[in-house]
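Each remark here refers to the structure printed beneath this line.
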Amino acid sequence: MEPLLGVYVLVGALMIAGVAGSVLPFVPGTPLILAAALVHGLATDFSPIGGGRLLILVGLTALSYAFDYLAGALGAKRFGGSVWAVVGALAGAVVGLFFGPPGLLIGPVVGAVAGELLKSGELEHSLKAGFGALVGMAVALLARFALAFGMVGLVLWWLWRG
Numbered sequence: 430m431e432p433l434l435g436v437y438v439l440v441g442a443l444m445i446a447g448v449a450g451s452v453l454p455f456v457p458g459t460p461l462i463l464a465a466a467l468v469h470g471l472a473t474d475f476s477p478i479g480g481g482r483l484l485i486l487v488g489l490t491a492l493s494y495a496f497d498y499l500a501g502a503l504g505a506k507r508f509g510g511s512v513w514a515v516v517g518a519l520a521g522a523v524v525g526l527f528f529g530p531p532g533l534l535i536g537p538v539v540g541a542v543a544g545e546l547l548k549s550g551e552l553e554h555s556l557k558a559g560f561g562a563l564v565g566m567a568v569a570l571l572a573r574f575a576l577a578f579g580m581v582g583l584v585l586w587w588l589w590r591g
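Take the sequence shown: its position 22, counted from the start at 1, is 451 in my numbering, and no numbers get skipped.
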């Protein structure tokens, strides 16, 4: 039996869980892919995935989290929301963390609507900003999924090419 077979099985399982986690709430998608590369590195004295390549994966992991926090705010802004809607969406994203999966989706929307209502007092305009936050969250989900696939592709490329 190949000495690294167990490592490859673990790395594969972590990468599959990471891609799934990029769309499932409370499963840390991109950090699991980063962990897969780190496990491989530890088992192989960081060859071919060394420090520089791990830093690339750390940066991509950080980018995936930026998508989560900024997407609702940018969506609200894109749909005509004021700075208040943007701040509300950001605050809603943070507060939503404490309410599980529904809170992660609803928080930025409610925050954008509330922020815009405080600013303009117009329900229709506020709902438009809230819809923008929802669209932003959907775009972030797709971007996170694509980023997770890209990270897996990079890791596999590095392993294959050495």
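No residue lacks a Cβ here, since even glycine has one placed at the ideal position from N, Cα and C. Quick caveat, the model's predicted, so the values are computed rather than measured.
CA nearest to the CA of Ala518, picked from Leu433, Pro460 and Lys506
Within the sequence shown, residue 518 is the residue found at index 89, counting from 1. When only C-alpha atoms are compared, the closest one is Lys506.
Please determine if the region 479-490 and the region 554-574 are in contact, where contact requires at least 3 C-beta pairs separated by less than 8 Å.
no
List the endpoints of the continuous alpha helix (DSSP H) containing Ile535.
Your numbering for residue 535 matches position 106 in the sequence shown. Run containing Ile535: Gly529 to Ser549, per the alpha helix (DSSP H) assignment.
Per-residue DSSP class, three states only, for Gly591:
By one-based count along the sequence shown, residue 591 stands at place 162. In this structure, Gly591 counts as coil in the three-state DSSP scheme.
Select from Leu443, Gly536 and Trp586 the residue whose C-alpha is nearest the C-alpha of Met566.
Position 137 of the sequence shown, counting from 1, holds the residue named residue 566. Considering only alpha carbons, the answer is Gly536.
Going by C-alpha to C-alpha distance, which of Ala442, Ser555 and Val436 sits closest to Ala514?
Position 85 of the sequence shown, counted from the first residue, corresponds to residue 514. When only C-alpha atoms are compared, the closest one is Ser555.
Span of the alpha helix (DSSP H), counted from its first residue to its last, around Pro460:
Position 31 of the sequence shown holds residue 460. Residues Gly458 to Ala472.
Gly602: first and last residue of the uninterrupted alpha helix (DSSP H) it sits in:
This structure gives no information on residue 602, because the portion of the chain shown stretches from 430 to 591.
Quick one: Cα of Leu443 to Cα of Ala500, how far?
To locate residue 443, count along the sequence shown from 1; it is residue 14. To locate residue 500, count along the sequence shown from 1; it is residue 71. Cα to Cα, Leu443 sits roughly 26 Å from Ala500.
Secondary structure at Leu526, three-state DSSP: helix, strand or coil?
In the sequence shown, counting from the first residue as 1, residue 526 sits at position 97. In the structure shown, Leu526 sits in a helix (DSSP, three-state: H, G or I).
Thinking C-alpha only, which one of Gly450, Leu471, Gly550 and Gly509 is nearest Val436?
If you number the sequence shown from 1, residue 436 lands on position 7. Comparing Cα-Cα distances from Val436 to each of Gly450, Leu471, Gly550 and Gly509, the minimum goes to Leu471.
How big is the Cα-Cα spacing for Ser511 and Ile445?
Numbered from 1 along the sequence shown, position 82 holds the residue referred to as residue 511. Numbered from 1 along the sequence shown, position 16 holds the residue referred to as residue 445. Their Cα atoms are separated by approximately 39 Å.
Could you check if Phe496 is buried or exposed, using at least 16 other CB atoms within 10 Å of its CB as the buried criterion?
Working through the sequence shown from its first residue, we reach residue 496 at position 67. The residue is buried, with at least 16 neighbouring Cβ atoms inside 10 Å.
Note down the Cα distance separating Gly582 from Ala466, rounded to an integer number of angstroms.
Position 153 of the sequence shown, counted from the first residue, corresponds to residue 582. Position 37 of the sequence shown, counted from the first residue, corresponds to residue 466. For Gly582 and Ala466, the distance between alpha carbons rounds to 12 Å.
Can you tell me the Cα-Cα spacing of Leu503 and Lys557, whole angstroms?
Looking up residue 503 in the sequence shown gives position 74. Looking up residue 557 in the sequence shown gives position 128. Whole-angstrom Cα-Cα distance: 13 Å.
Could you check whether Val440 and Ala449 sit closer than 8 Å to each other, using their CB atoms as the reference points?
For this step, residue 449 is matched to residue 20 along the sequence shown. For this step, residue 440 is matched to residue 11 along the sequence shown. The answer is no: Cβ separation not under 8 Å.
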